[in-house]
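Q:
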Amino acid sequence: MAAALRPRLLVLLAVAAAATGPSCAGAGRVDLWPMPASVARGAQTLLVSKDLRLSTAGSSYPDGKGILTEAFRRMVAVVELDHAINGTYSRGAPVLAGVHVAVRSPNDELNFGVDESYRLSVPATGDPLYAQIEAQTVYGALHALETFSQLCSFDFNANLIELHSAPWTILDAPRFPYRGLLIDTSRHYLPVPVIKGVIDSMTFSKLIFILCLDSNVGITYLCSWISQVKMTYQGFTDFSKIFKFKFVHLGGDEVNTSCWSTTPHIKSWLMQHSMNESDAYRYFVLRAQKIAISHGYDIINWEETFNNFGDKLDRKTVVHNWLGSGVAEKVVAAGLRCIVSNQDKWYLDHLDATWEGFYTNEPLTNIYNPEQQKLVLGGEVCMWGEHIDASDIQQTIWPRAAAAAERLWTPIEKLAKDTRSVTARLARFRCLLNQRGVAAAPLAGYGRSAPSEPGSCLRQ
């Protein structure tokens, strides 16, 4: 019985594999996500060597930490996956032997505003034939490697990796420097491998990682703090030794101050300082700002601080919008910087927020002054953790976060005005995520919806 079923099983597996493979980039549209700033292509199909090599001859970047080498290894792994690459290369098609990467800066310090631009070219001829990547920093080169990986696809008939539509010339750079995905580890424990899996998946759409470690309902370890320490203020010293970043997010949203007037020692302090609850809220936020600034940070605060005492905020404040639309234009008009995360569009825990809404949410709405536009650093999609854990985080994030990623990366003039024109390309990217082991949900329906029926991921 088992022997009789085996041939049918093999046929079914082959059909399923072919059905779930991504469409080739040469089939009429440019299947890249997010869409680069400038793309030119030809009509030649290349075969990709199964021994693809990395060359860095002439590069100014020494790669002492192995950042580039490891990124190249990961790129090859996601291109090859577990495919049996055993076809013949003697079909007359040119063979791409490797990728040459030239990075101009020897510095790999990762700071906000680092140059992430790159130029990727894939010629149609050459001996040996190499793709060429040029970037100011290694981080631009990493983005180029990801774009290169999306040009490659496995041909199940030839059993080879192919690269269609050569020659390619791609010039690219992000529209906004701040393109965040926040995950919340305070409401539900997320194992480190799960967090690393989310970080790995973010590289495919060129997002940056934001980690929320604490909240008023979180599980936080404080045993090492002695009771006499004024933790909010003195804790910055230890914090600043570990986290050498430009920004620190000081929160300030949804503060319930009603308990302050009923807690004896706080009530006494308020009376001594002739403050009410609102005064104390403002005092706390502004004092925390001063201490953070003294440690070299710029501050991010939620928009309630701006709504309640915006004229008192330090000029180094970045206001984080979340309550709704129309806030960013007020923030930049006041001369402050802004990050957009309006909850009706960019909160991933809102399962009724569709990918179309994520795609069309424009951070610069009603901001026409070029100088004020520069004050919008970008945006952040937020994966709050009340109703997610390790079992469902990836399918709640993807593919909706990818829709926002293109909004934040791609030049506005190249963004689709009608989401129907990008549906097929995003579906292809969702299939690519699935192939790479990312549990991205179907496009149709609400967040993390199940597939509606059997069939290809390209149609769901």
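Heads up: the sequence shown at position 381 corresponds to 381 in this note's numbering, and the numbers run straight through without jumps. Quick reminder that beta carbons are idealized off the backbone N, C-alpha and C, glycines included. Please read these numbers as outputs of a predicted model, since none were measured by experiment.
1. According to DSSP, what are the bridge partners of Gln132?
2. Residue range of the alpha helix (DSSP H) that Asn301 falls in?
3. What distance in whole Å lies between the Cβ atoms of Leu120 and Ala102, which are believed to be in contact at a cut-off of 8 angstroms?
4. For Ala328, which three-state DSSP category applies?
5. Count the other C-beta atoms from every protein chain shown that fall within 10 angstroms of the C-beta of Met271, then say buried if there are 16 or more, exposed otherwise.
6. Could you tell me the alpha carbon to alpha carbon distance between Glu254 and Asp311, rounded to whole angstroms?
7. His273 to Lys267, Cα distance in whole Å?
8. By the three-class DSSP mapping on this structure, what secondary structure does Glu380 have?
9. If contact is defined by three or more beta carbon pairs under 8 angstroms, each pair taking one atom from either stretch, is the segment 418 to 436 in contact with the segment 319 to 327?
10. Under 8 angstroms, do Val438 and Trp409 count as touching if we go by C-beta distance?
11. Look at the Cβ atom of Pro363, then the Cβ atom of Gly378, and state whether they are nearer than 8 angstroms.
12. Apply the 10 Å Cβ neighbour rule to Tyr359 and answer buried if 16 or more other Cβ atoms are within range, or exposed otherwise.
13. Check each candidate in Phe429, Ser294, Ala280 and name the one with the smallest Cα separation from Thr305.
14. By Cβ distance, which residues of its chain are closer than 6 angstroms to Leu336, with the 5 residues on each side in sequence left out?
15. Taking only the alpha-carbon atoms, compute the straight-line gap between Arg187 and Thr354 and give it to the nearest angstrom.
16. Measuring CA to CA, which of Val95, Leu171, Val78, Asp82 is closest to Tyr118?
17. Quick check on the burial criterion: 16 or more other C-beta atoms within 10 angstroms. Buried or exposed for Arg6?
18. Taking Gln461 and Leu351 to be in contact with their CB atoms under 8 angstroms, please state how far apart those CB atoms are, rounded to whole angstroms.
19. Report, in whole angstroms, the separation of the C-beta atoms of Lys414 and Met35, which I expect to be a contact under 8 angstroms.
20. Would Cys259 be called buried (16 or more neighbouring beta carbons within 10 Å of its own) or exposed?
21. Looking only at C-alpha atoms, which of Leu151, Leu160, Pro123 sits nearest to Ser461?
22. Looking at the secondary structure, which residues open and close the alpha helix (DSSP H) in which Asp279 lies?
23. Report buried or exposed for His143, applying the criterion of at least 16 other Cβ atoms within 10 angstroms of its Cβ.
24. In terms of residue numbering, what span does the beta strand (DSSP E) encompassing Gly58 cover?
25. Could you tell me the distance, in whole angstroms, from the CA atom of Tyr347 to the CA atom of Asn256?
26. Does the distance from the C-beta atom of Arg53 to that of Pro411 stay below 8 angstroms?
27. If we call anything under 8 angstroms between Cβ atoms a contact, is Asp349 one with His295?
28. I need the boundaries of the beta strand (DSSP E) containing Leu211, first residue and last residue.
29. Can you give me the C-alpha to C-alpha distance between Glu303 and Ala333, rounded to a whole angstrom?
30. Ordered along the chain, which non-local residues of its own chain (more than five positions away) have a Cβ less than 6 angstroms from that of Gln343?
31. Beta-carbon within less than 6 angstroms of Gln372's beta-carbon, same chain only, minus the 5 sequence neighbours each way: which residues are those?
32. Does the distance from the C-beta atom of Phe83 to that of Ile133 stay below 8 angstroms?
33. Is Phe247 near Ile291, with beta carbons less than 8 angstroms apart?
34. May I have the straight-line CA-CA distance separating Ala427 from Phe112, to the nearest angstrom?
35. Answer yes or no: do Leu211 and Ile242 have a C-beta to C-beta separation smaller than 8 angstroms?
36. May I ask you to report which of helix, strand or coil DSSP gives Asn321?
A: If we stick to the structure as given:
1. Start at 1 with the first residue of the sequence shown, and residue 132 comes out as number 132. According to DSSP, which records beta bridges pairwise, Gln132 is partnered with His100, Ser121.
2. Working through the sequence shown from its first residue, we reach residue 301 at position 301. No alpha helix (DSSP H) contains Asn301, which is instead part of the beta strand (DSSP E) from 298 to 302.
3. Here residue 102 corresponds to residue number 102 of the sequence shown, with the count starting at 1. Here residue 120 corresponds to residue number 120 of the sequence shown, with the count starting at 1. About 12 angstroms separates the beta carbons of Ala102 and Leu120, which is beyond the 8 angstroms limit, so they are not a contact pair.
4. Translated into positions along the sequence shown, residue 328 becomes position 328. Reduced to three states, the DSSP call for Ala328 is helix.
5. Translated into the one-based positions of the sequence shown, residue 271 becomes position 271. The Cβ neighbour count for Met271, taken over all protein chains shown within 10 Å, is under 16; the residue is labelled exposed.
6. Numbered from 1 along the sequence shown, position 254 holds the residue referred to as residue 254. Numbered from 1 along the sequence shown, position 311 holds the residue referred to as residue 311. Straight across, the Cα-Cα distance linking Glu254 with Asp311 is about 20 angstroms.
7. By one-based count along the sequence shown, residue 273 stands at place 273. By one-based count along the sequence shown, residue 267 stands at place 267. Inter-residue distance for His273 and Lys267 is about 10 angstroms (C-alpha atoms, whole angstroms).
8. Start at 1 with the first residue of the sequence shown, and residue 380 comes out as number 380. DSSP, reduced to helix, strand and coil, places Glu380 within a strand of the structure shown.
9. Touching, no.
10. As a working note, residue 438 is residue 438 in the sequence shown. As a working note, residue 409 is residue 409 in the sequence shown. With respect to the 8 angstroms criterion, Val438 and Trp409 are not classified as neighbours on the basis of their beta carbons.
11. Here residue 363 refers to the residue found at position 363 of the sequence shown. Here residue 378 refers to the residue found at position 378 of the sequence shown. With contacts defined by Cβ atoms closer than 8 angstroms, Pro363 and Gly378 form a contacting pair.
12. Translated into the one-based positions of the sequence shown, residue 359 becomes position 359. By the Cβ-count criterion, Tyr359 is buried, with 16 or more other Cβ atoms from all chains shown falling within 10 Å of its own Cβ.
13. Residue numbering aside, residue 305 sits at position 305 when the sequence shown is read from its first letter. Among Phe429, Ser294, Ala280, the Cα nearest to that of Thr305 is on Ala280.
14. In the sequence shown, residue 336 corresponds to position 336, counting from 1. Thr317, Val319.
15. Walking along the sequence shown from the start, residue 187 turns up at place 187. Walking along the sequence shown from the start, residue 354 turns up at place 354. For the pair Arg187 and Thr354, the Cα-to-Cα distance works out to about 24 angstroms.
16. In the sequence shown, the residue the question calls residue 118 occupies position 118. Comparing Cα positions, the closest option is Leu171.
17. Locating residue 6 in the sequence shown gives position 6, counting from the first residue. At Arg6 the pLDDT is 39, less than 50, meaning the model places this residue with poor confidence; the figure from the coordinates comes in the next sentence. Counting every other CB atom within 10 Å of its CB across the protein chains shown gives Arg6 a total below 16, marking it as exposed.
18. Since the displayed the chain opens at 1 and closes at 460, residue 461 lies outside it and no answer follows.
19. Counting from one through the sequence shown, the residue named residue 414 turns up at place 414. Counting from one through the sequence shown, the residue named residue 35 turns up at place 35. Approximately 6 angstroms separates the beta-carbon atoms of Lys414 and Met35; this is inside 8 angstroms, confirming the contact.
20. Translated into positions along the sequence shown, residue 259 becomes position 259. With fewer than 16 other Cβ atoms within 10 Å, it is exposed.
21. Residue 461 lies beyond the range of the chain shown here (1 to 460); nothing can be said about it.
22. Numbered from 1 along the sequence shown, position 279 holds the residue referred to as residue 279. Element bounds for Asp279: 277 to 294.
23. Here residue 143 is taken as the residue at index 143 of the sequence shown, counted from 1. Taking all protein chains shown into account, His143 has 16 or more neighbouring C-beta atoms within 10 Å of its C-beta and is therefore buried.
24. Stepping through the sequence shown from its first residue, residue 58 is reached at position 58. Gly58 -> no beta strand (DSSP E), and no H or E assigned at all.
25. The residue you call residue 347 lines up with position 347 of the sequence shown. The residue you call residue 256 lines up with position 256 of the sequence shown. As the crow flies, the alpha-carbon of Tyr347 is around 22 angstroms from that of Asn256.
26. Reading the sequence shown from its first residue, position 53 is the one you call residue 53. Reading the sequence shown from its first residue, position 411 is the one you call residue 411. Taking 8 angstroms as the Cβ cut-off, Arg53 and Pro411 do not qualify as a contacting pair.
27. The count along the sequence shown starts at 1 and reaches residue 349 at position 349. The count along the sequence shown starts at 1 and reaches residue 295 at position 295. Between Asp349 and His295, the C-beta gap is not smaller than 8 angstroms, which leaves the two residues out of contact.
28. Here residue 211 refers to the residue found at position 211 of the sequence shown. Where Leu211 is concerned, the enclosing beta strand (DSSP E) stretches over 208 to 212.
29. Taking the sequence shown and counting its residues from 1, the one referred to as residue 303 is at position 303. Taking the sequence shown and counting its residues from 1, the one referred to as residue 333 is at position 333. In a straight line, the C-alpha of Glu303 is about 14 angstroms away from that of Ala333.
30. Walking along the sequence shown from the start, residue 343 turns up at place 343. These residues qualify, in order along the chain: Trp322.
31. The residue given as residue 372 occupies position 372 in the sequence shown. By the criterion of a C-beta distance shorter than 6 angstroms, Gln372 is surrounded in its chain by Val332, once the five residues flanking it on both sides are discounted.
32. Sequence index remark: in the sequence shown, residue 83 carries index 83 (1-based). Sequence index remark: in the sequence shown, residue 133 carries index 133 (1-based). The amino acid at residue 83 is misidentified as Phe; the sequence shows His. Between His83 and Ile133, the gap from beta carbon to beta carbon reaches 8 angstroms or more.
33. In the sequence shown, residue 247 corresponds to position 247, counting from 1. In the sequence shown, residue 291 corresponds to position 291, counting from 1. No. Outside cutoff.
34. The count along the sequence shown starts at 1 and reaches residue 427 at position 427. The count along the sequence shown starts at 1 and reaches residue 112 at position 112. Straight through space, the alpha carbons of Phe112 and Ala427 are spaced by roughly 31 angstroms.
35. Looking up residue 211 in the sequence shown gives position 211. Looking up residue 242 in the sequence shown gives position 242. Going by beta carbons, Leu211 and Ile242 fall outside the 8 angstroms limit.
36. Taking the sequence shown and counting its residues from 1, the one referred to as residue 321 is at position 321. Of the three classes helix, strand and coil, the one that applies to Asn321 here is strand, per DSSP.
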